[in-house]
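Residue numbers for the sequence shown, in our numbering: 1 to 243.
Here a beta-carbon is modelled for each residue, glycine too, at the ideal position from N, C-alpha and C.
Comments concern the structure below.
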Amino acid sequence: MERRLFIKRSGFCGLALTIVPSTLLIQDTKYSIEELMGKEDIELYGDGINLRKEAHDAFVEMKKAALADGIDIKIVSSYRSFDRQAVIFERKYLKYTDDGMEPLDAIDKIIEYSTIPGTSRHHWGTDMDLIDGAPKVDGDVLDASKFSTGGPFEKFKLWMDENSKKFDYYLVYTDDSKRKGFKYEPWHYSYAPLSIPMLKSFRLKNIMKQLEQEDFLGSDHLTTEFVKTYIEDNILDINPELL
Ligand SMILES: [Zn+2]
């Protein structure tokens, strides 16, 4: 009887496997949760580039094409490990809570621009923050106003708007007032052929369970409700071309 039940279940599983798109199954096994959370040593390419092979190759081509048009694309940040993201998060957390903010308010402030460790697209080796290396710029280079009309990176932004997609690079946090989550980041680009399947794989993992096990400053305050909203707004409310 039990054996018959087993066979029946196996039969059902077999059916399930045939109706789930095979690409989805391949993608889910291809990227481990550790890899997606920046905890694995992945192979990165290019001196000062640090991207996965395909993303690196496309970036080199894009940089060449931009240079021919007089734009000197410069990387501010590309791959980041979990530990590196934790340092960034903790530094901001300490600063805001020392200034008297409540822990959850401090985390809300941090996630205007920075991610909770383990959830950054920079962990994937597919995303990076880019500017124009040519103009002399005062202060923080990752400032949206510097990319708009009259700003030092206006030319760079116009070139990227026109050309980045030819190299499969897409803006993630677009200038869309209806978009929730991270603010507009005219500098953050993602290599779609890799990052789309990686995001799909990430969605299939139990991120909440993983984050519960983490131990960084502020992690005790991450409730289930908070993380659920964070994933919906900050991880998934992005440029729809990258979903
Ligand atoms: Zn970024």
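#1: When a residue counts only if its C-beta is closer than 5 Å to some heavy atom of ligand 1, which residues count, in chain order?
#2: List the DSSP bridge partners of K74.
#3: Taking the straight line between their C-alpha atoms, what separation do you get for L243 and L194?
#4: For S78, which option in M62, Y45 and E232 has the closest C-alpha, if you only look at C-alpha atoms?
#5: Could you tell me the distance, in whole angstroms, from the CA atom of I231 to the CA atom of W124?
#6: Does the beta-carbon distance from R198 to V227 come in below 7 Å?
#7: Is the stretch 216-225 touching the stretch 83-95 in the sense that three or more CB pairs, one from each, lie closer than 8 Å?
#8: Quick check on Y298: buried or exposed, where buried means 16 or more other Cβ atoms within 10 Å of its Cβ?
#9: Whole angstroms is fine: what's the gap from E241's alpha carbon to V60's?
#10: First and last residue of the alpha helix (DSSP H) that includes S195?
#11: Note down the Cα distance separating D143 from E43, rounded to an integer number of angstroms.
#12: Between which two residues does the alpha helix (DSSP H) holding Y93 run?
#13: What did DSSP end up calling L51 once you bin it into helix, strand or coil?
#14: Could you check where the beta strand (DSSP E) with L36 kicks off and where it finishes?
#15: Taking the alpha-carbon positions, what's the Q27 to S164 distance?
#16: Report the three-state DSSP secondary structure of L171 (helix, strand or coil).
#17: When you compare each of T174, S201, T229 and T126 to R80 by their alpha carbons, which one comes out closest?
#18: On the three-pair Cβ rule with 8 Å, is the stretch 108-116 touching the stretch 63-73?
#19: Would you call the CB atoms of F82 and G139 closer than 7 Å?
This is what the structure holds:
#1: D129 and H188
#2: I131
#3: Roughly 11 Å separates the two Cα atoms.
#4: Y45
#5: C-alpha separation (whole angstroms): 16 Å.
#6: Looking at the sequence shown, residue 198 is not Arg but Met. At a Cβ-Cβ threshold of 7 Å, M198 and V227 do not count as neighbours.
#7: yes
#8: Given a span of 1 to 243 for the chain in the structure shown, any question on residue 298 remains unanswerable.
#9: 22 Å
#10: Per DSSP, S195 belongs to the alpha helix (DSSP H) from A192 to L204.
#11: If you take the alpha carbons of D143 and E43, they lie about 30 Å apart.
#12: The continuous alpha helix (DSSP H) containing Y93 extends over residues F82 to D98.
#13: strand
#14: First-last for L36: I33 to L36, but that is the alpha helix (DSSP H), not the beta strand (DSSP E).
#15: With a pLDDT of only 49 at Q27, under the threshold of 50, the placement of this residue in the model should not be trusted; the figure read from the coordinates follows. Cα to Cα, the separation comes out at about 25 Å.
#16: strand
#17: T126
#18: no
#19: With respect to G139, F82 sits apart: the two C-beta atoms are not nearer than 7 Å.
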